[in-house]
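In the working numbering, the protein residues as written are 539 to 744. Glycine residues also receive a C-beta, built at the ideal position from the N, C-alpha and C atoms. Please read these numbers as outputs of a predicted model, since none were measured by experiment.
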Amino acid sequence: MDKNRKRMETMHRMRAKGLELFYQKGYHATSIDDILNELSLSKGAFYHHFKSKEDFFISITQNIIMQKVYALLVEPLAQDKSPIPIIIDTLNNALETAEHNSMDCGFMLGNFMTEFKRGENGVLQYLKDILKVWEINLISALKNGKSDGHIARHVNCEEVATYIISSYMGIRTMMASGNAKMLKYQYIQQLKAYMHTLEQEKETIY
539 MDKNRKRMET MHRMRAKGLE LFYQKGYHAT SIDDILNELS LSKGAFYHHF
589 KSKEDFFISI TQNIIMQKVY ALLVEPLAQD KSPIPIIIDT LNNALETAEH
639 NSMDCGFMLG NFMTEFKRGE NGVLQYLKDI LKVWEINLIS ALKNGKSDGH
689 IARHVNCEEV ATYIISSYMG IRTMMASGNA KMLKYQYIQQ LKAYMHTLEQ
739 EKETIY
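Rendered as structure tokens:
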């Protein structure tokens, strides 16, 4: 049991450090030696746990990136009320985290998708699967809002989800190299204005 726990702890340390370096420097600009030097581990120790750099990154994707994206952008959507304030609050909280992160380099998932768009298609698919989970949950929340009378019946939930995801990925890129506080404020103000156009108008009772 102790041996297995030690193995899991070592793998977790390797994944955490690997993700940190991949996020800051990029996957292709980071070597296995860079990671091992940071952890004071041998190549033998690395290849005991992972077959290759690509296998290592897939493990990071499945064990860390998926959890981060789910906790930040998917889990908060599971509430039994109007999705409009929930979506606004979810994105606001996510941007708040980024704003106060001095090591912020943009939206992790988006960065890696861009880096892998030409080449390692197997890796890209794992990243796209994470994005799909977010998209499906956004669409589900919007459709539930429609059924409950919070969102207007004419609203195309798939198109709204696409817009929300693409706008969030864009603002995260801008915040990484600009005035994060100002950009976040501007984005959230316009997001609120847009989201409220989706609301079902209340019938006036005379």
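- Under a 10 Å Cβ-count criterion, Lys722 is classified as buried, with 16 or more other Cβ atoms of the shown protein chains found around its own Cβ.
- A contact between stretches requires three or more CB pairs, one per stretch, nearer than 8 Å, and the region 684-702 fails this requirement with the region 710-727.
- Relative to Gln562, the option among Ala616, Met641 and Gly582 whose CA is nearest is Met641.
- In this structure, the straight-line span from the alpha carbon of Gln617 to that of Thr548 is close to 36 Å.
- Cβ-Cβ distances below 8 Å link Ile626 to Ile726, Leu729, Lys730 and Met733 in the same chain, with the five nearest sequence neighbours on each side left out; the list follows chain order.
- Closest option to Gln663, judged by alpha-carbon separation, among Leu615, Phe595 and Gly708: Phe595.
- In this structure, the CA atom of Ile677 is about 16 Å from the CA atom of Val607.
- Excluding its 5 nearest sequence neighbours in each direction, Asn601 has C-beta neighbours in its own chain below 7 Å: Arg553, listed in chain order.
- Cβ contact annotation for Ala567 (same chain, cutoff 6 Å, sequence separation greater than five): none.
- Note on geometry: alpha-carbon atoms of Lys541 and Gln605 lie some 25 Å from one another.
- The residues Leu633, Ala636, Gly644, Phe645 and Gly648, in chain order, have a CB closer than 8 Å to that of Arg710 in the same chain once the five nearest residues on each side in sequence are set aside.
- Between Glu673 and Ile703, the C-beta gap is smaller than 8 Å, which places the two residues in contact.
- DSSP, read as helix, strand or coil, puts Glu739 in coil.
- Spatial neighbours of Leu559 in its own chain (CB-CB distance under 8 Å, excluding positions within 5 residues in sequence) are listed in chain order as Thr568, Asp572, Ile573 and Glu576.
- Residue pairing by DSSP puts Ile689 in a beta bridge opposite Glu737.
- Pro621 sits away from Ala699, with the two beta carbons spaced by 8 Å or more.
- By alpha-carbon distance to Ile603, the top candidate from Gly687, Glu737, Glu697 and Val661 is Val661.
- In the DSSP annotation of this structure, the continuous segment of the alpha helix (DSSP H) that includes Leu557 starts and ends at Asp540 to Lys563.
- Assigned with DSSP and collapsed to three states, Ala583 falls in helix.
- Nearest neighbour of Glu592 by Cα position, chosen from Val671, Gln738 and Tyr565, turns out to be Tyr565.
- In this structure, Ile598 keeps its C-beta atom at 8 Å or more from the C-beta atom of Leu629.
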